[in-house]
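Colleague: Its first residue numbered 1, the sequence shown is counted upward by one per residue in the UniProt record's numbering.
Ideal Cβ positions, reconstructed from N, Cα and C, are used throughout, including at glycine.
Before I ask anything, here is the structure I am working with.
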Amino acid sequence: MAGPPPHVAARLEKVLELYEAAAEPKPYVITTAWGTPHKPCPHDAAGFERHEAEDNARWLLDRGVPPSHLLEESTSLETVGNAYFARLLHTEVRGLRRLAIVNNRFHMARTKAVFTHVFAVPLLPGGFSVGSV
């Protein structure tokens, strides 16, 4: 991997800065996927899909963030999916109640609006049951 593009590197540097400045216990870092259904996912030399979530987690790992603090969301193809799957796969199951979203300025207003909306939707109290007809 040649390294992230400059706009992604800027986000990762900010994440690393925030992580290093955080008090103990250190926070989790959730790296999210990127993509669009309109373009194919990039592939590595062996033909396997490369996901930005994994690439970014490896970048942070290489700079000292322990793997126990790195969580990947590599399911989604857009910002709504990033928020939904981050919540479904990581924040709800761990009881996380505070998030710091790191993104580029050009995308932050939309990202904040989407995450605020997705995380405001109440969960079903007591779960749900499925019956047969």
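Let's test the definition: count the other Cβ atoms within 10 Å of the Cβ of T31 and tell me whether it reaches 16, buried, or not, exposed.
Modeller: Here residue 31 is taken as the residue at index 31 of the sequence shown, counted from 1. Buried: at least 16 other Cβ atoms inside 10 Å.
Colleague: Report yes or no: do three or more beta-carbon pairs, one from the stretch 45–52 and one from the stretch 83–95, lie closer than 8 Å?
Modeller: Segments in contact, no.
Colleague: Once the 5 residues before and after W59 are set aside, which same chain residues still bring their CB inside 7 Å of it?
Modeller: Position 59 of the sequence shown holds residue 59. Within the same chain, and ignoring the five residues on either side of W59 in sequence, the residues whose Cβ sits closer than 7 Å to its Cβ are P4 and L12.
Colleague: Going residue by residue through the stretch 1–45, where are the continuous alpha helix (DSSP H) segments of at least 4 residues, counting only ones entirely within it?
Modeller: 6–21
Colleague: Out of T79, V118, A2 and A113, point me to the one whose CA is closest to N56's CA.
Modeller: As a working note, residue 56 is residue 56 in the sequence shown. Residue A2 is the option with its Cα nearest to N56.
Colleague: If contacts are defined as beta-carbon pairs under 8 Å, then L71 and V29 qualify, I think. What distance do you get, rounded to the angstrom?
Modeller: Working through the sequence shown from its first residue, we reach residue 71 at position 71. Working through the sequence shown from its first residue, we reach residue 29 at position 29. With 8 Å as the limit, L71 and V29 qualify as a contact, their Cβ atoms being about 7 Å apart.
Colleague: My assumption, with CB atoms under 8 Å, is that V80 sits in contact with V114. Please give the rounded CB distance.
Modeller: Translated into positions along the sequence shown, residue 80 becomes position 80. Translated into positions along the sequence shown, residue 114 becomes position 114. Going by Cβ atoms, the distance from V80 to V114 rounds to 6 Å, so yes, they are a contact pair.
Colleague: DSSP three-state call for E78: helix, strand or coil?
Modeller: Position 78 of the sequence shown, counted from the start, is the residue given in the question as residue 78. Reduced to three states, the DSSP call for E78 is coil.
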